[in-house]
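Residue numbers (my numbering): 90 to 173.
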C-alpha cells in the first residue's frame, strides 16, 4: 500500500493516547497507479481484440456470402432454370 503508518508515543499526551500518522510513499503510490493503468490498458486491449475478432468474422462471413451469391448468379446465367 502507498501509506506507511507510524505511531508517536511521545509523553506530550497525558492520557497516554497514541498519535497515529500516515505518511504517503510517493514511489509506491506511483507504482500502484502505473500498475492500475497498465491493467486497465491490458483489459481494454483484450476488449479491442475481441471486437476486432468479431468484426473480422462478420466480414469474412459477408465475403463468403457474396462469393457464393456471385457463383450462384454465374451458374444461373450459364444454365438457366427451365421455365414451367
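Cβ coordinates follow ideal geometry from the N, Cα and C atoms, glycine included. All figures in this text were calculated on a predicted structure; none of them were measured in a lab.
So for residue i, helix, strand or coil by DSSP?
{"i": "residue 121", "result": "helix"}
{"i": "residue 162", "result": "helix"}
{"i": "residue 168", "result": "coil"}
What residues in its chain sit with their C-beta under 6 Å from that of residue i, if we drop five residues either side in the sequence?
{"i": "residue 102", "result": "The predicted model places residue 102 with a pLDDT of 48, which falls under 50 and marks its position as unreliable, so this point remains unresolved."}
Here's a check: name, in chain order, each residue in its chain whose Cβ is nearer than 8 Å to the Cβ of residue i, leaving out the five neighbours to either side.
{"i": "residue 148", "result": "none"}
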